[in-house]
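Numbering (the UniProt record's numbering), first residue to last: 1 to 176. All C-beta atoms in this analysis are idealised placements derived from N, C-alpha and C, irrespective of residue type, glycine included.
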């Protein structure tokens, strides 16, 4: 296999000619592709982030009200720009108003929560719900008043940023 990787790196055009001529079947091509990725040092490598392998962090008080724990899940290597985290809100905890330059997807995994877009009604969110906020859509999300809530948050970076934070959600806004 290593010999093939060296050959492949040396003569990519010859390889494609052999494939086009039908000299290799699909199974052989899959094995050769795996070999190339494994030995070439290319970016086509699987990466597994084990649960709990990255340290938890506390949601900063300037962006969150109440107790919030952020567990980073992944950050895809460039050129990809997607980032994901599991976020747990204790009862009554919530984000400040904010937007995302490329939008945000939330997947509720436990508990009950609330979410609201600017000038919209407060919506109850529960396990299994998938919430999409459009790019630039001002919103907040958090736990219900008496129940904790955990969601997975997925967003993409634009010029290195995933979020633009704004003012905090007042108690009156949260309880409306």
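Query: Spatial distance of residue 169 from residue 67 (CA atoms); Result: 15 Å
Query: Counted within 10 angstroms of its Cβ, other Cβ atoms place residue 94 as buried (16 or more) or exposed; Result: buried
Query: Buried versus exposed call for residue 145 [16 or more other C-beta atoms within 10 Å across all chains shown]; Result: exposed
Query: Local Cβ density within 10 Å of residue 175, reported as buried at 16 or more and exposed below that; Result: exposed
Query: One or two residues paired with residue 85 in a DSSP bridge; Result: 72 and 153
Query: Whole-angstrom C-beta distance between residue 83 and residue 150, which should lie under 8 Å; Result: Residue 150 to residue 83, Cβ: 17 Å. No contact.
Query: Buried/exposed call for residue 78, threshold 16 Cβ in 10 Å; Result: exposed
Query: Residue from 140, 153 and 88 whose Cα sits closest to the Cα of residue 167; Result: 140
Query: Close-in-space but distant-in-sequence residues of the same chain around residue 106 (CB under 6 Å, 5 per side omitted); Result: 131, 151 and 153
Query: Straight-line gap, residue 159 to residue 127 (C-alpha atoms, nearest Å); Result: 32 Å
Query: Rounded C-alpha distance that separates residue 164 from residue 156; Result: 13 Å
Query: Integer-rounded CB distance, given that residue 143 should sit under 8 Å from residue 120; Result: That pair is no contact at about 19 Å.
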